[in-house]
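Below is one structure, written out as structure tokens; comments come after it.
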Amino acid sequence: MSDLKVLVAGAGLGGLTLARSLRDHNVDVAVFERDASPWDRPQGYRLHLDTDALCAAREVLPADLHAVFEATAQYTEPFTTILGTDLSVVKRLPAQDEHGGAVWPAHDGPGSHANVDRATLRQILFAGLEDTVRFGKTLDHYESDSDGVTAHFTDGSRAHGDVLVGADGVRSAVRRLRAPHSETVDAGITAFYGRLPRATAETVVPAETMTDIFTIASDERKVFLGLGCVRFPTSPAEAAARLAPGVPMRDQDDYVVCIVGGRHEFFPDTDGAPRARSGEELRHLAAEALRDWPTGAAGLVRGADPASFFLVRMYTSVPTSLDAPTNVTLLGDAVHAMTPTLGRGANVAMRDGALLGRALGKVADGQLALPEALAAYERDMLAYGFSVVRAAARVGHRRMGQNPLPE
Ligand SMILES: Cc1cc2nc3c(=O)[nH]c(=O)nc-3n(C[C@H](O)[C@H](O)[C@H](O)COP(=O)(O)OP(=O)(O)OC[C@H]3O[C@@H](n4cnc5c(N)ncnc54)[C@H](O)[C@@H]3O)c2cc1C
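Right, dumping it as structure tokens:
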């Protein structure tokens, strides 16, 4: 183990990717997570992964866990299906591959787009890090000095390290101090998320919905219905039992995620305390938004599991710069949160985690000085991260009426 000690706030997809990479580089790492356990908070269902996340997973996972990842990922056709409001196929748009191919070693993977289950991916990334992640630890603030950085937690405890990484998501406490000038703004969009069994969806939607990355239909108000299939080639529990015995894995059945959304003004009843509403009420509001569409769409939403519904108000970061590097840096949504229109936020967060892990590995080996390593990481991360934020805002504006980014 090297002398470098890295503190990470947040055990989301980016923070866990970083922690795995640092462990591979023999760097001492401690992760502090606000949630009480890995299963504390439902955070959504399906995730679209592209080359960035697929390569980051290949880079940071040991062979047995990567085999579980591959066995539970649905590699998709590289298209988004556009439907009419009657759910007939209008066209299939080829996926834009905007990832930074140059940063990843070439490989013969089975494809460059996959749909995976978020909780399964998080479990795979977390496996083996039980001693590294401390749950129930909410970072409140930090203090830097010549000797490193001290993280202060809301329970009064503290931890000291050489570097602190804010991987603490869209409302990052680390960003508030590291980049007080940065802004995260309301994108103007409300969305309802739910899920239905694959077999139920299959009888209603065109076959392309089950094999393409994502499917979307919208009306003249830009109120939309999005659908994304998650099919496990091997069920998560069976994959873990066969390929990585001893790794605890919650089982899941195949499903289709359905998302209904549009500008806030179409959902005036959802302001205030969205979590206070029952899943049944949220499902009702989602189906009502499609009431002027031919009956198939609202019927599909009504067939979803009411307990699965939750509501999201979408936010985006506003592209900015960071002051000169210190011993505190940021990754993922903590710095470049984006609307989910391109399905790229997790990809960029995992890319950040893998690249920052590589950079800090070089510091631990004595190949790079810390300021130099963080400056190079931040320069690259801000360039690719904010270019995706801008692209997501452009597509979000066109497809769902997202607010344009402030100048
Ligand atoms: C509904 C929805 C669908 C999406 N679909 C896709 C998709 O298909 N593909 C894709 O690439 N992206 C998608 N995204 C975006 C993706 O989820 C995020 O970009 C990704 O989770 C960011 O990872 P992260 O590690 O930066 O942050 P997070 O995953 O949000 O993790 C942050 C962690 O920090 C913890 N935390 C917060 N504050 C503190 C604190 N003060 N102290 C300690 N811990 C703290 C949180 O509890 C959390 O565990 C979607 C987003 C949403 C909302």
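Anchor point for the sequence shown: position 1 equals 3 in this note's numbering, and the numbering is continuous, going up by one each time. Ideal Cβ positions, reconstructed from N, Cα and C, are used throughout, including at glycine.
Would you kindly work out how many angstroms separate the C-alpha atoms of residue i and residue j, rounded to a whole number?
| i | j | result |
| --- | --- | --- |
| Arg36 | Thr78 | 34 angstroms |
| Val105 | Arg353 | 9 angstroms |
| Lys364 | Ala395 | 35 angstroms |
| Thr322 | Thr140 | 26 angstroms |
| Val29 | Leu358 | 12 angstroms |
| Val391 | Thr341 | 8 angstroms |
| Thr152 | Ala309 | 41 angstroms |
| Val118 | Arg94 | 21 angstroms |
| Gly1 | Ala299 | The structure shown has nothing for residue 1, since the chain only spans 3 to 409. |
| Gln125 | Val70 | 10 angstroms |
| Gln254 | Pro238 | 7 angstroms |
| Tyr195 | Pro107 | 35 angstroms |
| Ala97 | Gly398 | 15 angstroms |
| Asp99 | Thr213 | 18 angstroms |
| Tyr410 | Ala366 | Any question about residue 410 goes unanswered here, given that the chain covers just 3 to 409. |
Under the assumption that residue i contacts residue j (Cβ atoms under 8 angstroms), give the Cβ distance between them as a whole number of angstroms.
| i | j | result |
| --- | --- | --- |
| Phe311 | Arg293 | At roughly 17 angstroms, the Cβ-Cβ gap does not stay under 8 angstroms, so Phe311 and Arg293 are not in contact. |
| Ala32 | Ala175 | With a Cβ gap of about 16 angstroms, Ala32 and Ala175 do not count as contacting. |
| Asp66 | Ala246 | 4 angstroms |
| Ser23 | Arg360 | 7 angstroms |
| Cys231 | Gln76 | 7 angstroms |
| Gly86 | Gly403 | The Cβ separation is near 19 angstroms, so there is no contact. |
| Ser146 | Val314 | Not quite, the Cβ-Cβ distance comes to about 34 angstroms (not below 8 angstroms), so this is no contact. |
| Leu333 | Gly16 | 5 angstroms |
| Thr1 | Leu384 | The chain is shown from 3 up to 409; residue 1 falls before or after that span and cannot be answered. |
| Val207 | Leu89 | 6 angstroms |
Hey, would you say residue i sits closer than 8 angstroms to residue j, going by beta carbons?
| i | j | result |
| --- | --- | --- |
| Gly263 | Phe226 | yes |
| Ile218 | Arg401 | yes |
| Thr19 | Val62 | yes |
| Asp307 | Leu198 | yes |
| His115 | Pro64 | no |
| Glu380 | Pro327 | yes |
| Gly138 | Ala38 | yes |
| Leu372 | Val165 | yes |
| Phe234 | Thr83 | no |
| Glu210 | Val91 | yes |
| Ala55 | Asn349 | yes |
| Gly171 | Gly14 | yes |
| Ala339 | Thr186 | yes |
| Gly228 | Leu9 | no |
| Met316 | Ala201 | no |
| Arg120 | Leu49 | yes |
| Gly111 | Ala336 | no |
Is the shortest distance between the beta-carbon of residue i and the beta-carbons of chain B less than 8 angstroms?
| i | result |
| --- | --- |
| Val187 | Checking the listed chains, one finds no chain B in this structure; it contains a single protein chain. |
4 or more residues per run - each alpha helix (DSSP H) lying fully within the region 86-153: Runs of the alpha helix (DSSP H) lying entirely within the region 86-153 and spanning at least 4 residues, in chain order: 120-128.
Continuous beta strand (DSSP E) assignments of at least 3 residues falling wholly in the region 215-244: Counting only runs of 3 or more, we get 226-232.
Length-filtered (3 minimum) beta strand (DSSP E) runs lying within the region 43-67: Runs of the beta strand (DSSP E) inside the region 43-67: 48-51.
Those runs of the beta strand (DSSP E) which lie wholly inside the region 297-375 and span at least 3 residues: Fully contained in the region 297-375 are the following beta strand (DSSP E) runs of length 3 or more, in chain order: 312-319, 330-332.
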